[in-house]
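If you're matching positions, the sequence shown starts at 0 in numbering that gives the first Met the number 0 and goes up one per residue. Yeah, the Cβ is synthetic: ideal placement off N, Cα and C, and Gly gets one too.
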Amino acid sequence: MRPYSVVDLLGFRNLIHTLEPRYIIPSRTHFAEKVIPDLYLHTRQEVQNTISEADSVAITTDGWTSGATESYITITAHLIDKEWCMKSFVLQTRPCHESHTGKNIGAVLVDAGKEWQLERPHKLLP
């Protein structure tokens, strides 16, 4: 992942100019306020629709630490779609300021379940 400011770098601008001299690179503000939010909303809706159509969803968690020693919890949903294809979606990665205990992970799972409308018990696999 790169910061939005990459579009301001001379090397990036030269690369794009070499590939397509007529292309005008949008500003970092355009990416930050329009492109990425629109892409996120569209992708989120597609993921939500796929999850809603699934008969069952399995949820996994992964506690990990970044190179900067910051602790995170990632929640992933796994399902079989209507074409019988296995799908996995990272629903969220959140900072974890507490230890990765069952209680703390459970609280994150409850929040994710509400956010992604996974509150129906028959929808989740144990």
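Going by DSSP, which residues form a beta bridge with residue i?
i, result
"Asp61", "Thr73"
"Arg93", "Ile72"
"Ile79", "Met85"
I'd like to know whether the C-beta of residue i is nearer than 7 Å to at least one C-beta of chain C.
i, result
"Thr68", "Going by chain labels, chain C is absent from the structure shown, which holds only one protein chain."
Under a Cβ-count criterion, where at least 16 other Cβ atoms within 10 Å of its own Cβ denotes burial, should residue i be classed as buried or exposed?
i, result
"Val89", "exposed"
"Trp83", "exposed"
"Val107", "buried"
"Trp24", "Just to set this straight, residue 24 is Ile in the shown sequence, not Trp. The residue in question, Ile24, is exposed, as its Cβ has fewer than 16 Cβ neighbours within 10 Å."
"Trp115", "buried"
"Gly105", "exposed"
"Leu9", "exposed"
Looking only at its own chain, which residues have a Cβ that is under 8 Å from the Cβ of residue i, when we skip the five neighbours before and after it?
i, result
"Thr49", "Leu78, Asp80, Lys86, Phe88"
"Glu52", "Asp80, Lys81"
"Ser65", "Tyr71"
"Glu97", "Asn103"
Report back the beta-carbon spacing between residue i and residue j to the nearest angstrom; my notes put them in contact at under 8 Å.
i, j, result
"Ala31", "Val56", "Going by Cβ atoms, the distance from Ala31 to Val56 rounds to 32 Å, so no, they are not a contact pair."
"Asp7", "Arg21", "Their Cβ separation, rounded to whole angstroms, is 19 Å, which puts Asp7 and Arg21 out of contact at 8 Å."
Only counting the same chain, and skipping five residues up and downstream in sequence, which positions put a Cβ closer than 6 Å to that of residue i?
i, result
"Thr92", "Tyr71, Thr73"
"Val5", "Phe11"
"Thr59", "Thr75"
"Glu118", "Gly112"
> Considering only residues of the stretch 33-58, which uninterrupted alpha helix (DSSP H) runs meet the minimum length of 4 residues and lie entirely inside it, listed in chain order?
Replying inline: 35-52
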